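Numbering (my numbering), first residue to last: 10 to 757. The beta-carbon is built from N, C-alpha and C at its ideal position, and this holds for glycine as well. These numbers were taken from a predicted model, which means no experiment stands behind them.
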Amino acid sequence: MTDLERLAPHSLPVVASPSGSTDQNASPHPETAPRSDGPSMSLTLATRNPGRPITELANPPPAPDDRGRSWLTRLFAGDLGLQTLAPAPLPPIDRPVVELDAVARILGCHELFVLEAPDRLIRERVIADFARIAAARGERILVLSPDPAAADRMAEAIASDPSLKIIRALAEDENPIRALPLVSRITSIALGQRRVEQMKQDAMAAVARSEAELTTIAAALTAAEDLRLLAVRLSEIEPDRRALSARLDRLDTEVRTETEETHSSNAFTARLSVLRIDREAATAPLVASLAALATQRADKETALAAARQLLAGATVDAGKKTGFFARFLHKPKHQTDPAEFDRQIMETEREVKELVAREASIHAEAEAVGGRFDAEREKCIAEEVTTRRTTTEVRLAELTRDRDEIAGRFAARARELDRAGFTPPAQLTVEAANRVTAELTPCWEEVAKRVAAARERLNQLIQSLPELLRQFLGDARVVIGTPGSVDSDPTFEPRQDLSAPAFSVLVLDHAEELTEPDFTRLAVLARRWVLAGTAPGEDSRQLPIMAAPGSRPVRPTGPTFFARLIRLLDREPWAIEGDRLVFRLCHVPSDQRRQLTREPVLDRPEIELRFTTDGADAVLAEIAFPSGSTVASSKAYLYEQLGEVLLRPCGEQIWERSDDYLVARWPAAGVTGGDWIELDVGVREKVIGTGPAAFTAAVSFNLAAGWSEQTSEAWLSAHLPPPSVGRVAVLPRLAPHGVSPHRPTAVV
10 MTDLERLAPH SLPVVASPSG STDQNASPHP ETAPRSDGPS MSLTLATRNP
60 GRPITELANP PPAPDDRGRS WLTRLFAGDL GLQTLAPAPL PPIDRPVVEL
110 DAVARILGCH ELFVLEAPDR LIRERVIADF ARIAAARGER ILVLSPDPAA
160 ADRMAEAIAS DPSLKIIRAL AEDENPIRAL PLVSRITSIA LGQRRVEQMK
210 QDAMAAVARS EAELTTIAAA LTAAEDLRLL AVRLSEIEPD RRALSARLDR
260 LDTEVRTETE ETHSSNAFTA RLSVLRIDRE AATAPLVASL AALATQRADK
310 ETALAAARQL LAGATVDAGK KTGFFARFLH KPKHQTDPAE FDRQIMETER
360 EVKELVAREA SIHAEAEAVG GRFDAEREKC IAEEVTTRRT TTEVRLAELT
410 RDRDEIAGRF AARARELDRA GFTPPAQLTV EAANRVTAEL TPCWEEVAKR
460 VAAARERLNQ LIQSLPELLR QFLGDARVVI GTPGSVDSDP TFEPRQDLSA
510 PAFSVLVLDH AEELTEPDFT RLAVLARRWV LAGTAPGEDS RQLPIMAAPG
560 SRPVRPTGPT FFARLIRLLD REPWAIEGDR LVFRLCHVPS DQRRQLTREP
610 VLDRPEIELR FTTDGADAVL AEIAFPSGST VASSKAYLYE QLGEVLLRPC
660 GEQIWERSDD YLVARWPAAG VTGGDWIELD VGVREKVIGT GPAAFTAAVS
710 FNLAAGWSEQ TSEAWLSAHL PPPSVGRVAV LPRLAPHGVS PHRPTAVV
């Protein structure tokens, strides 16, 4: 039998809640154990489901100015079902895990959340982190603290993020010159003065810019008109310049072409005509002689060919006999001497050679005469080309200088247009210049209208600066002040639109000094609320300093408003009472705590069991562990006795695998220190931290015990805690010098 099973003689049935619901995470223990005393009654272990079912309300939501009062009335009357709260994901922040958990839960809460933090440094740091993250997500945050120094410190911490607009609101008795220079610069007075001056300077600068722009466009219009005149001049000279440039390339061809034309009549062609006549006169006798010699040579060549033919025939006849008929007819054979033919042929060949030589001589003489005339003609052509080239180049140079001057003026005007912010034409044409003028004219008209409008806005701004200042202050993402600043600082000027609160979240620091009327008075400023402070003991009689202006503070006659909220909203499973660590199986209302029955465990008398009743059944509600008990050892005991797996992760989860283990790790809880406890066969949990600040850093699965990725993920999914309905985060006090930081000192 287990130690808890030996507590009573009655059965321990399946864990059940006071409302009769069954906890899916509780382990059944059907065994029975003897009980040492008391009447016969049934004992039931309470379910770890500390919240009530969500209540659907038929009534419409209250008006913005009554929401806080209505919410409190229903909470204190026990008529408010708390919805489960899912912590919101956080950006990377270098903070202890208990602070990260608190910030994530505050971000995920949609009504009222209580931050119980005895140490002001931790409390202010958590408030600042929450305000920064919530503001970055688009919410508007109001933080009020009765301690001006605390408000200054939180304002300085939040103002370290330059992307957030933050205002330090001031009460009437607060000096705007703050001890912290950064805070002095973000007060509503300092920001307002800078904003007013900035608005004036911006408006005046806008007028000056518009006037300067108008002047620039006017200069651009002048430049555009100059471009048009330059384009006209360029259109006149550029065709001539291009024609002259092209003529230079074809000047030689042009002159030679004129030498072939007979209809041209100028000094050059007249000179060529004279040369042509002189050449014809000089070469005519020679041409006639050549023609006569050619005739004679042709006759001689004909006679030479006939003589050679006769010589060939005579040679053949000399070798033949007289034929029969010749002899019969008594015809004699003609006898021709071949030598005579040779002589004639030789004489004719000599004469042909003489004629050829005479032809060559006369032909050479004719060529010499023609060469002289050709040279004179080429000289004449060259002189004409040179004369015309010189004249053309002089004119082309004049036109090129004019074009270059126009191009320089065009470049200067183009730079003026470019400096004025207008695209100059790529080419200088009349059409382009007219197009620039057409583009500039409406711009000039538009800028002239803007100049008039800017001057009008400047006049209107001077008249509407107070209203603009209120709007500027109302745009701040984070406002930090004291409760007195709500009635005095211009940031809280009355708004025209009262259909919704001015802020998303109201954070009230030093909430232990807050009364219920104070809260309902301030709650209208936001849609949800965060109360941060230190919960005093039940017999505390602190005087609240957050009373409404003009009202007289009244000493409380019972638990403070802050303490009452903690008791109603706290659903955390672990708590510190004095020097004892307490594990809560169910939520016990404060008015029922005095009725708890307390009994020690038989074989562990230092462990105390606390019972409440549900009808005739005794319900195990809490287990108190002795001084010095750690959460790790207490968790191990609870798993051993009740089979309770009490994981408490925070932040994102990652998986790591080695040769022997598969580990689910939560880096936000840290990687150093902590204690390992056995949960299941091959399953261990690493616990880091103490008391309510203890978290699950890792869960290890031994692969040798048969665990796989699928079974490990399924086990972890089945044992992760469900979303809580608790609205209280307890932060530990910083350990004083000489005190162990592992010893819990916070009191709940």
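Hey, quick one: how far does the alpha helix (DSSP H) through residue i stretch, first residue to last?
i    : result
V135 : R129 to A145
D156 : Here D156 belongs to no alpha helix (DSSP H), and DSSP marks it neither H nor E.
V112 : V106 to G117
F501 : First-last for F501: undefined, no H or E at that position.
I need the boundaries of the beta strand (DSSP E) containing residue i, first residue and last residue.
i    : result
F704 : F704 to N711
T621 : E617 to D623
G609 : Rather than Gly, the amino acid found at residue 609 in this sequence is Pro. Taken as a continuous stretch (DSSP letters only), the beta strand (DSSP E) holding P609 covers T606 to P609.
D170 : Element bounds for D170: n/a, residue is neither H nor E.
E125 : L121 to E125
D626 : D626 to F634
G490 : V487 to G490
E665 : I663 to R666
Is it right to say residue i is buried, meaning 16 or more other beta carbons lie within 10 angstroms of its own, or is it exposed?
i    : result
V790 : Absent from the structure is residue 790, since the part of the chain shown begins at 10 and ends at 757.
P741 : buried
I115 : buried
T524 : buried
T395 : exposed
H119 : exposed
P105 : buried
V445 : buried
K388 : exposed
G624 : exposed
S197 : buried
R134 : buried
F481 : buried
T357 : buried
G698 : buried
M355 : exposed
D612 : exposed
A435 : exposed
F704 : buried
G493 : buried
L257 : exposed
Would you mind stating whether residue i and residue j have Cβ atoms separated by less than 8 Å?
i    : j    : result
F710 : V692 : yes
G490 : L179 : yes
P676 : G660 : yes
F620 : V628 : yes
A534 : L515 : Per the sequence presented here, residue 534 reads as Leu, with Ala not at that position. Their beta carbons are under 8 Å apart, which means L534 touches L515 by this criterion.
I167 : A140 : yes
I150 : A143 : yes
D346 : L320 : no
A758 : A544 : Because the chain in this structure spans residues 10 to 757, residue 758 falls outside the shown range and cannot be described.
D138 : A738 : no
V361 : E310 : yes
Tell me whether residue i sits in a helix, a strand or coil according to DSSP, three-state version.
i    : result
I186 : coil
T543 : coil
L515 : strand
I195 : coil
F431 : coil
A314 : helix
S30  : Because S30 carries a pLDDT of 34, less than 50, the predicted location of this residue cannot be relied on, and the following value inherits that uncertainty. In the structure shown, S30 sits in coil (DSSP, three-state: anything other than H, G, I, E or B).
R742 : coil
S638 : coil
A67  : Low local confidence applies: a pLDDT of 38 at A67 is under 50, so the model's placement there is unreliable, and no value is given.
R657 : coil
V737 : strand
L534 : coil
R149 : coil
I102 : coil
R367 : helix
R613 : coil
L405 : helix
Within the present structure, is the beta-carbon of residue i separated from the nearest heavy atom of the ligand GTP by less than 7 Å?
i    : result
A630 : Judged by which ligands are present, the structure shown has none, so any question about the ligand GTP falls away.
Review point. Which whole runs of the alpha helix (DSSP H) in the stretch 570 to 595 are 4 residues long or more, in chain order?
Key: The qualifying runs are 570 to 578.
Exercise for review: Entirely within the stretch 668 to 731 and at least 3 residues each: give me those beta strand (DSSP E) ranges in chain order.
Suggested key: Runs of the beta strand (DSSP E) spanning 3 or more residues and lying entirely within the stretch 668 to 731 occur at 670 to 674, 684 to 689, 692 to 697 and 704 to 711, in chain order.
Exercise for review: Write down every uninterrupted run of the beta strand (DSSP E) in the stretch 236 to 303 whose length is 3 residues or greater and which is fully enclosed by it, in chain order.
Suggested key: For the stretch 236 to 303, not a single whole beta strand (DSSP E) run of length 3 or above is found.
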